[in-house]
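*Asks:* Chains A and B, in that order, give the protein sequences. Just so we're on the same page, the numbering used here is the position in the first sequence counted from 1, plus 5. Just so we're on the same page, the numbering used here is the position in the second sequence counted from 1, plus 5. Note that beta-carbon positions come from the ideal geometry of N, C-alpha and C, so glycine has one too. First, the structure itself, so that you have it in front of you.
Number of protein chains: 2
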Amino acid sequence: MTAKLKRQENRKRSRLLLIEATLDSLAEVGFARTSVSEIVERAKLSRGMIHLHFSSKDKLLEEAARHASASYFDDLEQLLDKSGNSPQEKLEAVIKSDLSDNVLNKRSVRIWFALRGEASVSQAIARYSDTRDKKLYDLIFDAFLDIAIASKVNEPGAVARDATHGSLALLEGMWTDFFLHPDSFNRGSALRIIFRILSNMFPRYFNLEGAVKSPLNDMVA
Amino acid sequence: MTAKLKRQENRKRSRLLLIEATLDSLAEVGFARTSVSEIVERAKLSRGMIHLHFSSKDKLLEEAARHASASYFDDLEQLLDKSGNSPQEKLEAVIKSDLSDNVLNKRSVRIWFALRGEASVSQAIARYSDTRDKKLYDLIFDAFLDIAIASKVNEPGAVARDATHGSLALLEGMWTDFFLHPDSFNRGSALRIIFRILSNMFPRYFNLEGAVKSPLNDMVA
DNA sequence: ACATTCAATGAACGATCGTTCATTATATGC
DNA sequence: GCATATAATGAACGATCGTTCATTGAATGT
């Protein structure tokens, strides 16, 4: 029984080695130069392995994209679990995770942009090149809706929708900024900008540092 | 004399044909499949032309990137010339240009993202894959600084800097959104979101539709 | 009209691409 | 311990890659 597991485990390990080698290659030499030779050399496996485990190079790229996407959402969810329960604290957690070194670093951002460059011509890759899925959108929207209603703004639904879309666009823009200027990018500055915008939209719920934990107390005081 | 011009003109025309064919290829089949064969077939020129005019495929790609970048800034400047003189009207012009069909369309955005995918491994391409140059940054910053000072906010310099960086990030994010979902993207919605954010930062200078032309009158009234 | 100049052509090159498959190595089941 | 199953190998294939260059054709200058 343990023997059988060993074979399966080796198989799994080889698959993962190839996926990681592919992602390393994408990050270091880009999509165009990520060849079968490049990948198997990095994985230190033989040439035939890609077709044995993934049937083709394209399928491997698809699996690598899926892997990168899953890692992103896993990291995000893990960091979200640590957040407070108030809507503004949840939003703070999403934003700070999305700009944390775990999620946003040279390797990850190069992988994302390399994959995205091909997303418009490969439906398979396009499926995994969007960091903004429905679950994340809903989480953010619900939080903003709570705040918009509590803030008694006009048309809270429209405000929450725009705040959600705007925040996601801001984060995407910050990613692009990081990608294009990784060495001069300043995480603190990016966070302050986003929270400044949010504090202008919802002054009782955000300040330049992030979420205001107990806005009701502030109001009463 | 006219004869000499004809030869020069043909030369120029061939160069441009190759550049346009390269950009078409990038938009339609992506960076990885943009080969010499693909390009010369689209340009309907012979195989040797790329090396005659550009010395190598890489140099052609660099020239194509330069061309795309120049087109972007030309379009932007042309649309800016039509804008009003108040800072909020200039900002409105930049934002509306940047999201106009001339500047942001399926072809242009696919070209940008295809090039950016390679920017991290090609310094030559990286030079032209940033839409946010110093001139544009300064224009936006100066406009926000005027508004920030007139609005009598605390630390107008810091506010203007964050508003500039934030607006550019928002625009980049909207571009990404358009790239990933070109058919469901809504220009009006994107504009409203940006102006909603700006109207929250500077209520007397922006509303959901764009710039408030005469904020001083509003104040007096 | 003719010689000169140079843009344009496309066959051919070696290198590398993604893929195939006969062979080898190793884990598994009896 | 041996037969079986399957993971892993890497040489070889045809296709395509970017590049070279001898040749052609048309514009130019006298």
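Any beta-carbon of chain A closer than 9 Å to the one on I100 (chain B)?
*Replies:* One-based indexing of the second sequence puts residue 100 (chain B) at position 95. It does not; no Cβ of chain A falls within 9 Å.
*Asks:* Please report whether the beta-carbon of V108 (chain A) lies at a distance below 9 Å from any beta-carbon of chain B.
*Replies:* Within the first sequence, the letter at position 103 stands for residue 108 (chain A). Answer no: the Cβ-Cβ gap between V108 (chain A) and chain B never drops below 9 Å.
*Asks:* Does any residue of chain A have a CB that is nearer than 9 Å to the CB of V217 (chain B)?
*Replies:* As a first step, residue 217 (chain B) must be located in the second sequence, where it is residue number 212. Not an interface residue.
*Asks:* Who are the near neighbours of A174 (chain A) in its chain, counting only those whose CB is closer than 6 Å to its CB and skipping five residues on each side?
*Replies:* Taking the first residue of the first sequence as 1, we reach residue 174 (chain A) at position 169. Nothing listed; no residue qualifies.
*Asks:* Going along chain A in order, which residues have a C-beta closer than 8 Å to the C-beta of N205 (chain B)?
*Replies:* Position 200 of the second sequence, counted from the start, is the residue given in the question as residue 205 (chain B). Neighbours of N205 (chain B) on chain A, chain order: I202, N205 and M206.
*Asks:* What does L81 (chain B) reach in chain A if we use C-beta pairs closer than 9 Å?
*Replies:* Indexing the second sequence from 1 puts residue 81 (chain B) at position 76. None at all; the shortest Cβ gap to chain A is about 17 Å.
*Asks:* For a cutoff of 9 Å on Cβ pairs, would you count N212 (chain B) as touching chain A?
*Replies:* On the second sequence, residue 212 (chain B) is found 207 positions in, with the first residue counted as 1. Not an interface residue.
*Asks:* So, helix, strand or coil for F3 (chain A), using DSSP?
*Replies:* The structure shown does not extend to residue 3 (chain A), since chain A is modelled only from 6 through 226, so no value can be given for it.
*Asks:* Thinking C-beta only, is E68 (chain A) closer than 9 Å to I24 (chain A)?
*Replies:* Residue 24 (chain A) sits at position 19 when you count from the first residue of the first sequence. Residue 68 (chain A) sits at position 63 when you count from the first residue of the first sequence. Yes, Cβ-Cβ distance for I24 (chain A) and E68 (chain A) is below 9 Å.
*Asks:* Closer than 7 Å by C-beta to K2 (chain A): which residues in its own chain qualify, once you throw out the five before and the five after it? Chain order, please.
*Replies:* Any answer about residue 2 (chain A) is impossible in this case: the structure gives chain A only from 6 up to 226.
*Asks:* With 7 Å as the C-beta to C-beta threshold (strictly closer), list the residues of the region 140–172 of chain B near chain A in chain order.
*Replies:* Against chain A - using a Cβ distance shorter than 7 Å - the residues of the region 140–172 of chain B are D167, H170 and G171.
*Asks:* Hey, quick one: how far does the alpha helix (DSSP H) through S134 (chain A) stretch, first residue to last?
*Replies:* Locating residue 134 (chain A) in the first sequence gives position 129, counting from the first residue. That residue, S134 (chain A), is in no alpha helix (DSSP H); it is neither H nor E in DSSP.
*Asks:* Beta-carbon of D138 (chain A) versus every beta-carbon of chain B: anything under 9 Å?
*Replies:* For the purposes of this step, residue 138 (chain A) is identified with residue 133 of the first sequence, where counting begins at 1. No, no contact with chain B.
*Asks:* Of all the CB atoms in chain A, is at least one closer than 9 Å to the CB of M54 (chain B)?
*Replies:* Here residue 54 (chain B) refers to the residue found at position 49 when the second sequence is read from its first residue. M54 (chain B) does not count as touching chain A.
*Asks:* Check whether the Cβ atoms of F78 (chain B) and L141 (chain B) sit closer than 9 Å, and answer yes or no.
*Replies:* Counted from its first residue, the second sequence places residue 78 (chain B) at position 73. Counted from its first residue, the second sequence places residue 141 (chain B) at position 136. A contact, by the Cβ cut-off of 9 Å.
*Asks:* If you drop the 5 nearest sequence neighbours on each side, which residues of the same chain put their C-beta closer than 6 Å to that of S134 (chain A)?
*Replies:* What you label residue 134 (chain A) is simply residue 129 of the first sequence in a count that begins at 1. Around S134 (chain A): L120, R121 and A124.
*Asks:* Taking only beta-carbon atoms, is E25 (chain B) less than 9 Å away from chain A?
*Replies:* Translated into positions along the second sequence, residue 25 (chain B) becomes position 20. Not an interface residue.
*Asks:* From B:A168, B:R20 and B:F149, pick the residue whose C-alpha is nearest to that of H72 (chain B); which is it?
*Replies:* Taking the first residue of the second sequence as 1, we reach residue 72 (chain B) at position 67. Taking only the C-alpha atoms, the option nearest H72 (chain B) is B:R20.
*Asks:* When you compare the CB of G193 (chain A) with every CB in chain B, is at least one pair closer than 9 Å?
*Replies:* The residue you call residue 193 (chain A) lines up with position 188 of the first sequence. No, G193 (chain A) lies away from the interface with chain B (no Cβ there is under 9 Å from its Cβ).
*Asks:* Does the Cβ-Cβ distance between D29 (chain B) and R137 (chain B) come in under 9 Å?
*Replies:* Here residue 29 (chain B) refers to the residue found at position 24 of the second sequence. Here residue 137 (chain B) refers to the residue found at position 132 of the second sequence. Not in contact: D29 (chain B) and R137 (chain B) (Cβ atoms no closer than 9 Å).
*Asks:* Should the region 153–160 of chain B be called in touch with the region 155–169 of chain A, which here means at least 3 C-beta pairs below 8 Å?
*Replies:* Result no; under three Cβ-Cβ pairs closer than 8 Å.
*Asks:* Give me the residue from B:I198, B:L196, B:L203 and B:Q93 with the minimum Cα distance to L144 (chain B).
*Replies:* As a first step, residue 144 (chain B) is located in the second sequence; it is residue number 139 there, counting from the start. Closest by alpha carbon: B:Q93.
*Asks:* What are the boundary residues of the alpha helix (DSSP H) that A168 (chain B) is part of?
*Replies:* Here residue 168 (chain B) is taken as the residue at index 163 of the second sequence, counted from 1. Counting along the chain, the alpha helix (DSSP H) containing A168 (chain B) begins and ends at P161 to L185.
*Asks:* How big is the Cα-Cα spacing for W117 (chain A) and L185 (chain B)?
*Replies:* Numbered from its first residue, the first sequence carries residue 117 (chain A) at position 112. Numbered from its first residue, the second sequence carries residue 185 (chain B) at position 180. Using only the alpha carbons, I get a separation of about 12 Å.
*Asks:* Taking the alpha-carbon positions, what's the L85 (chain A) to K218 (chain A) distance?
*Replies:* The count along the first sequence starts at 1 and reaches residue 85 (chain A) at position 80. The count along the first sequence starts at 1 and reaches residue 218 (chain A) at position 213. Cα-Cα distance, rounded: 16 Å.
*Asks:* Taking the C-alpha atoms as reference points, what is the distance between T39 (chain A) and A129 (chain A)?
*Replies:* Locating residue 39 (chain A) in the first sequence gives position 34, where the first residue counts as 1. Locating residue 129 (chain A) in the first sequence gives position 124, where the first residue counts as 1. Taking the straight line joining both Cα atoms gives about 17 Å.
*Asks:* Any idea if S204 (chain A) is buried or exposed, counting beta-carbon neighbours within 10 angstroms, 16 or more meaning buried?
*Replies:* Position 199 of the first sequence, counted from the start, is the residue given in the question as residue 204 (chain A). S204 (chain A) should be labelled buried.
*Asks:* Would A195 (chain A) and L96 (chain A) be called neighbours here (beta carbons separated by less than 9 Å)?
*Replies:* Looking up residue 195 (chain A) in the first sequence gives position 190. Looking up residue 96 (chain A) in the first sequence gives position 91. Against a cut-off of 9 Å, the Cβ pair of L96 (chain A) and A195 (chain A) comes out as no contact.
*Asks:* If the cut is a Cβ gap below 9 Å, which residues of chain B does D182 (chain A) touch?
*Replies:* Translated into positions along the first sequence, residue 182 (chain A) becomes position 177. Simply R137, H170, L173, A174 and E177.
*Asks:* What residues from chain B crowd round A37 (chain A), counting only those whose CB sits closer than 7 Å?
*Replies:* Residue numbering aside, residue 37 (chain A) sits at position 32 when the first sequence is read from its first letter. The answer, in chain order, is F36, A37 and E123.
*Asks:* List, in chain order, every chain B residue whose beta-carbon is nearer than 7 Å to that of A119 (chain A).
*Replies:* Walking along the first sequence from the start, residue 119 (chain A) turns up at place 114. What A119 (chain A) touches in chain B: G122.
*Asks:* Drop a sphere of 10 angstroms on the beta-carbon of A37 (chain B), count the other beta-carbons inside from all chains shown, and report buried for 16 or more, exposed for fewer.
*Replies:* On the second sequence, residue 37 (chain B) is found 32 positions in, with the first residue counted as 1. So A37 (chain B) ends up on the buried side.
*Asks:* Going by the CB atoms, is the gap between G178 (chain A) and L176 (chain B) shorter than 9 Å?
*Replies:* Mapped onto the second sequence, residue 176 (chain B) falls at position 171. Mapped onto the first sequence, residue 178 (chain A) falls at position 173. Taking 9 Å as the Cβ cut-off, L176 (chain B) and G178 (chain A) qualify as a contacting pair.
*Asks:* Relative to the C-alpha of R115 (chain A), which residue among A:A70, A:E14 and A:R201 is closest?
*Replies:* To locate residue 115 (chain A), count along the first sequence from 1; it is residue 110. Among A:A70, A:E14 and A:R201, the Cα nearest to that of R115 (chain A) belongs to A:A70.
*Asks:* Quick one: which chain B residues come within Cβ less than 9 Å of R209 (chain A)?
*Replies:* Taking the first sequence and counting its residues from 1, one reaches residue 209 (chain A) at position 204. The contacting residues do not exist; R209 (chain A) stays about 13 Å from chain B at best.
*Asks:* Taking all protein chains shown into account, decide if G57 (chain A) is buried (16 or more other Cβ within 10 angstroms of its Cβ) or exposed.
*Replies:* If you number the first sequence from 1, residue 57 (chain A) lands on position 52. For clarity, residue 57 (chain A) is Leu in the given sequence; the question names Gly instead. When all chains shown are included, L57 (chain A) counts as exposed.
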